[in-house]
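In our numbering, the protein residues as written are 190 to 449. Glycine included, each C-beta is placed from N, C-alpha and C at the ideal position. Nothing here was measured: the structure is a model prediction, and the numbers come from that model.
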């Protein structure tokens with residue numbers, strides 16, 4: 190078998206595996222709320238383990254953006270591979286099996302979440318985060334990083350970064366963790382610092398504004414939820430506003446930096 194034939198065969202296998210995994214993820218997310226799985230919706234599980242890190246409901250529309258952008262990318266890659274275009278074929282090679290892994294893990298997370306397996310859901314969420322980090326790094330360092338292939342994964346990685354922290358917060362509620370005697374406000378502040386640090390690294394070091402905008406969106410959702418609960422300004426709402434302003438200033442600095 191020639192090298193060209195081997196490349197075509199590998200590309201076909203990668204596309205088939207990634208498409209099937211993507212379909213699995215979409216079906217699982219649809220069934221999660223249509224059936225719903227275990228007779229409970231995703232949001233109802235979230236409400237069961239209320240914590241100050243949970244954003245307002247409107248924030249979750251970002252999932253629609255993620256799935257649509259991923260679907261458009263998959264369609265474009267299929268079209269490009271059929272047409273024999275070098276860019277899409279190289280992108281498929283760079284993505285490898287990481288997209289399939291992330292899609293399967295996304296679907297498995299839905300199952301663990303709906304069946305109240307919160308500890309296991311965090312394990313799966315961390316695995317999902319790692320698969321996206323590896324995919325992101327691989328695609329970014331590949332030959333087609335500047336052609337827009339990263340956009341869906343910047344959005345996806347940004348949201349899963351926030352979702353992982355939220356999953357940790359949910360687990361603390363599930364386990365009735367008392368925070369070593371420290372206040373809820375203290376630990377909320379710690380989580381915000383983690384988010385700001387992630388945003389700083391991705392915006393200022395990696396120079397990914399899309400990731401930063403997703404973080405800003407999540408912080409806006411958290412602020413709206415805490416503001417609505419308190420009927421006005423509270424510590425949680427105020428602290429989140431400060432965090433959002435910091436992220437916004439980092440985005441502005443990158444936007445107007447001569448080296449952007």
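- Counting C-beta pairs with one atom in each stretch, the segment 393–411 and the segment 348–361 have three or more that are closer than 8 Å, which means they touch.
- A residue is called buried once 16 or more other Cβ atoms fall within 10 Å of its Cβ, and residue 325 is buried on that count.
- The three-state secondary structure of residue 332, taken from DSSP, is coil.
- The alpha helix (DSSP H) runs lying completely inside the segment 285–354 and spanning 4 residues or more are 287–303, 307–329, given in chain order.
- Close CB contacts of residue 216 within its chain, under the 8 Å cut and outside five residues either way in sequence, are with 296 (chain order).
- Taking one beta carbon from each stretch, the segment 429–444 and the segment 409–420 have 3 or more pairs nearer than 8 Å; the two touch.
- Just so you know, the alpha carbons of residue 370 and residue 364 end up roughly 15 Å apart.
- At the C-beta level, residue 243 and residue 426 stay beyond 8 Å of one another.
- In the structure shown, residue 371 falls within a coil segment according to DSSP collapsed to helix, strand and coil.
- Under the three-state reduction of DSSP output, residue 240 falls in the coil class, being neither helix nor strand.
- Shortest Cα-Cα distance from residue 281 to any of 393, 329, 310, 366 involves 329.
- Fewer than three pairs of CB atoms, one per stretch, sit closer than 8 Å, so the segment 381–400 makes no contact with the segment 260–271.
- Between the alpha carbons of residue 376 and residue 235 lies a distance of about 19 Å.
- When secondary structure is reduced to three states using DSSP, residue 225 falls in the coil class, being assigned neither helix nor strand.
- For residue 400, the uninterrupted alpha helix (DSSP H) segment begins and ends at 398–419.
- Taking the CA atoms as reference points, residue 435 sits about 27 Å from residue 314.
- At the C-beta level, residue 410 and residue 221 stay beyond 8 Å of one another.
- Contact between residue 292 and residue 210 holds, since their C-beta atoms are separated by about 4 Å, short of 8 Å.
- Under the three-state reduction of DSSP output, residue 245 falls in the coil class, being neither helix nor strand.
- The criterion of a C-beta distance shorter than 8 Å is not satisfied by residue 304 and residue 207.
- When DSSP states are grouped into helix, strand and coil, residue 202 belongs to the helix group.
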